[in-house]
Structures are given as C-alpha cells and as structure tokens.
Amino acid sequence: MVESIGIIGAGEIAAAMVDGLRDVAVDTPAIFLSPRNAKTADELAARHRAVQVCEDNQSVVDQAELVLLAVRPDVVRDVLEPLDVPGDRVLVSAVAAWSVEELNALLDNEVTVVRAIPLPAVRQRRGITALYPGHPVVEELFNRLGGTVVAPRPEILDAFSAATASISTHLHYLDTVARWMTRQGVAPDAAERYVRTMFSGVEAALDDYGTSLADLGQAHETPGGINEQLRSTWFTPGNQAGLEQALEDIRQRVARPPAG
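This note's numbering puts the first residue of the sequence shown at 3, with every later residue one more than the last.
Pasting the structure below:
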C-alpha cells in the first residue's frame, strides 16, 4: 500500500483523485501537490488533512513514493526534463499520447512508468481506471477509487483514451434536449432540471453490469414507442458509422508520438 503520493499538475482529474482518496476514514496516503495551479492546490490543501502544497515539482518527487503526472501533453518535456526522479519511484502518467518509452527517455534514471486514464468518477470512488502496463501498487491505488482494467497492449489503452472523448459530446446532447424544451415554452431552469433528473435516473440501470448496454437500450424502448422512434430516426446507421469514425480518428491522434 502506497503511503505517499505526489501530483504534478492540479487540474480537474488531479483534484478528483485527491477528493476521492482523502474522503475516506482510514488508510489514506499523504498527498504532495505541485504549485502549478496554485488556486486549486491551495483549495485542496485547505479542504483535506495530510495534503500539502510543495514549493516546486522536485519537492513533490522527493517526498512521494508514487508520482502522478497530470499535465498537458505539450508541457511534458518541460516538466520532466529538469527533474531528478530516483529509480525507486513509480511514475503514473495521466497524459495522452506519451508512451512509456517516450516518458522514460526524458528521465535520467530507469523509472517504473505506468500510463493511466482516471475518470471524473474517481471523486466518488466509482471510476474504472484503465492502465498500461499493470503494476500492483498502481492497481491497488486505483482500486480504492473504483477499480482498474489493465490493457494488454498500448494500442488497447489508446482505445480507452479515445472513448473518454465522448464525455463532453454526451453533455452537449443533454443540453440540446434541454434547449429544445425551452423553445417549446419550458422555463430554462425547469428544462435543465428535468433533463438532469431524467438521465440521472438511468444511473441505477447502468450499475447492472449483468445486462449489456444494448439490452439496456432495448429495455428502455417500447416497440413502436417514442424512444424507439427517436433512436431509429436520429441514430441511423450513418450516424453510428460517423461516431465510430470520429472515435477512430481520435484513437489515431492519441497514438501519435508527441511533436518536438
């Protein structure tokens, strides 16, 4: 069990991980944050005990057994190259496109590197985190936050990464439904509340892992009913193929080596 974690980068995913790890009663690691996003880091330190903002990234590395890298892909080189990361550390990269080999090439020592794709649901300890390669310490950490799935090859991890691109599209879909309702005369706040509760009610069905997503979709339709009508007229084979092609384009993008 890891006793100390350092986080370089204090974006939304890093904040979700801190909240998820600290909002439990026992066996929580000490967490050391970089000052890259000072406002978020300070808020997390004020909200949780045993969370400390360090003066720089090297201080984070020096005090943590496991270091999570959660920065933009374009700044990875600038962040890692100045650091002295000892060989006994585990570096967990939540950065798309950078392979294990490319990350190791930026380090002076032979460091264990694991790629991870944490989801926002780690905040509620319900997020399944995709990893490559598997590592017992990293798996134990993310199992605390909802579970893990280990990709057998980096190309498989790229597919998990591409799938995360669907999150904002789903939210814009809900927004489109709510905005259509307002054009019919529904008050905007009422439309948003209605759509939010309508889809949050589907959450219990999604927790039934014994039923496939396709079967859940069928269960929410009545033959000849309005759900079937919208699905069959809007989500056409062409629409589905377009979505799959867009995901494939993203998979190829995240698989490309970083420029420079």
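Glycine included, each C-beta is placed from N, C-alpha and C at the ideal position.
With Val-4 and Leu-70 assumed to form a contact (beta carbons below 8 Å), what rounded beta-carbon distance in angstroms separates them? Within the sequence shown, residue 4 is the residue found at index 2, counting from 1. Within the sequence shown, residue 70 is the residue found at index 68, counting from 1. Val-4 to Leu-70, Cβ: 11 Å. No contact.
Pick from Tyr-175, Gln-220, Val-20 and Gly-11 that is closest to Arg-49, judged by C-alpha positions: By one-based count along the sequence shown, residue 49 stands at place 47. Checking every option, the nearest Cα to that of Arg-49 belongs to Val-20.
Just to confirm the assignment, what range does the alpha helix (DSSP H) spanning Val-197 have? For this step, residue 197 is matched to residue 195 along the sequence shown. Element bounds for Val-197: 190-202.
Tell me the DSSP secondary structure of Gln-126 in three-state form. Counting from 1 along the sequence shown, the entry for residue 126 is found at position 124. Of the three classes helix, strand and coil, the one that applies to Gln-126 here is helix, per DSSP.
Cβ pair count under 8 Å reaching 3, the region 128-135 against the region 150-170: yes
Whole-number beta carbon distance between Val-256 and Ser-163, since they are thought to touch under 8 Å: Counting from 1 along the sequence shown, the entry for residue 163 is found at position 161. Counting from 1 along the sequence shown, the entry for residue 256 is found at position 254. Contact holds; Cβ gap of about 5 Å.
Compute the Euclidean distance between the alpha carbons of Ala-180 and Pro-190, then round it to the nearest angstrom. Walking along the sequence shown from the start, residue 180 turns up at place 178. Walking along the sequence shown from the start, residue 190 turns up at place 188. C-alpha separation (whole angstroms): 7 Å.
Name the one or two DSSP bridge partners that Thr-114 has. As a first step, residue 114 is located in the sequence shown; it is residue number 112 there, counting from the start. Looking at the DSSP assignment, Thr-114 forms a beta bridge with Val-92.
Strictly by DSSP, which residues pair up with Gln-54? Within the sequence shown, numbered from 1, the residue matching residue 54 stands at position 52. DSSP, once it has assigned bridges, lists Phe-34 as partnering Gln-54.
In terms of DSSP beta bridges, what is Ile-10 paired with? Your numbering for residue 10 matches position 8 in the sequence shown. Answer is Leu-71.
Among residues of its own chain, excluding the 5 on either side of Met-183, which ones have a beta-carbon nearer than 6 Å to its beta-carbon? Stepping through the sequence shown from its first residue, residue 183 is reached at position 181. A distance below 6 Å between beta-carbons, with the five flanking residues on each side excluded, links Met-183 to the following residues of its chain, in chain order: Ala-193.
Under the three-state DSSP convention, the category Ala-161 falls into: As a working mapping, residue 161 is identified with position 159 in the sequence shown. Ala-161 falls in the helix class under three-state DSSP.
In this structure, how does DSSP classify Leu-133 when only helix, strand and coil are distinguished? For the purposes of this step, residue 133 is taken as the residue at position 131 of the sequence shown. Strand.
Closest residue to Ala-52 among Pro-84, Glu-142, Thr-199 and Ser-6 (Cα-Cα distance): In the sequence shown, counting from the first residue as 1, residue 52 sits at position 50. Comparing Cα-Cα distances from Ala-52 to each of Pro-84, Glu-142, Thr-199 and Ser-6, the minimum goes to Ser-6.
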